[in-house]
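K.L.:
Each position in the sequence shown, counted from 1, maps to that position plus 140 in the working numbering.
This is the structure I have questions about; it appears just below.
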Amino acid sequence: MRVDYHMSSNAVVNVCAQTVCVTGAGGFVASGIVELLLRRGYTVKGTSWKELKRLTLCKADLLDIQSLKEAIYGCKGVFHTACPISNDPEQVVKTAVNGTENVIIAAAEAKVGRVVYTSSIGTVYMDPNKSPDAVTGVVIGAMLQPRINTSMYHILQYLTGSTKTYVNSVQAYVHVKDLALGHILVYETPSASAAVQSIYVYY
């Protein structure tokens, strides 16, 4: 089946002159979302990445709510993909939770119409009252940046034999273009709301 990544015939959101914000726009998934948003005619404000037409770069920190307010101001929607990467779990959770709260507050104050939040397996992991709708996965696909990212490094470890032990579990993979399109279709479909369980694990 051929997928049209440029524009959905079912899209009901008028994207003409519509500005959206993508947090963590330099990340693997986020850069895929940014690229597809630009192709579909959106104007994008990102908190990182290189300069492109219709892409404005804003310096923002998840823990600095004022910088987020400045980045989100004037946007119709927000794609919150930014997530800290650290070997310290407490630091990751603190930044991710407080940062997401700051993004939601900033979006509410800016009267943003929709927020699409990229979650993780952490939303359901080890909770006996919840279970994922599908097997969580690793994002794969061509990168826009020249350096390897965490998702690709995860796969490379198996290919090079540098990983000596393997977890007894199931790992699914999703192409970054499909994931980016999924984010945008959620944004463009007003009836899409509530929570969709974790889509991917690694940046």
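Beta carbons: idealized from backbone N, C-alpha and C, even for Gly.
Just curious, the alpha helix (DSSP H) that R254 is in, first and last residue?
P.N.:
Not the alpha helix (DSSP H): R254 falls in the beta strand (DSSP E), residues R254 to Y257.
K.L.:
Take every Cβ of the region 221-239, pair it with every Cβ of the region 157-170, and state whether three or more of those distances are shorter than 8 Å.
P.N.:
Yes, the region 221-239 is in contact with the region 157-170.
K.L.:
Evaluate the contact criterion for the region 177-184 versus the region 200-208: three or more CB pairs, one atom per stretch, below 8 Å.
P.N.:
Result no; under three Cβ-Cβ pairs closer than 8 Å.
K.L.:
Is DSSP giving T183 helix, strand or coil here?
P.N.:
If DSSP states are grouped into helix, strand and coil, T183 belongs with the strands.
K.L.:
Can you pull the DSSP bridge partners for V160?
P.N.:
DSSP output for V160 lists V184 and G217 as bridge partner(s).
K.L.:
List the DSSP bridge partners of T196.
P.N.:
T196 pairs with K185.
K.L.:
Along the chain, where does the alpha helix (DSSP H) that runs through L203 open and close?
P.N.:
Here L203 belongs to no alpha helix (DSSP H), and DSSP marks it neither H nor E.
K.L.:
Let me know if I173 comes out buried or exposed under the rule of 16 or more other beta-carbons within 10 Å of its beta-carbon.
P.N.:
Flag for I173 reads buried.
K.L.:
For G253 versus K216, is the C-beta spacing smaller than 8 Å?
P.N.:
Yes; because the gap between Cβ atoms is below 8 Å, this pair is in contact.
K.L.:
Check each candidate in L208, V256, L296 and A247 and name the one with the smallest Cα separation from G322.
P.N.:
With distances taken between Cα atoms, G322 lies closest to V256.
K.L.:
Assuming L178 contacts V160 under a Cβ cut-off of 8 Å, what Cβ separation, rounded to an integer in Å, is found between them?
P.N.:
That pair is no contact at about 10 Å.
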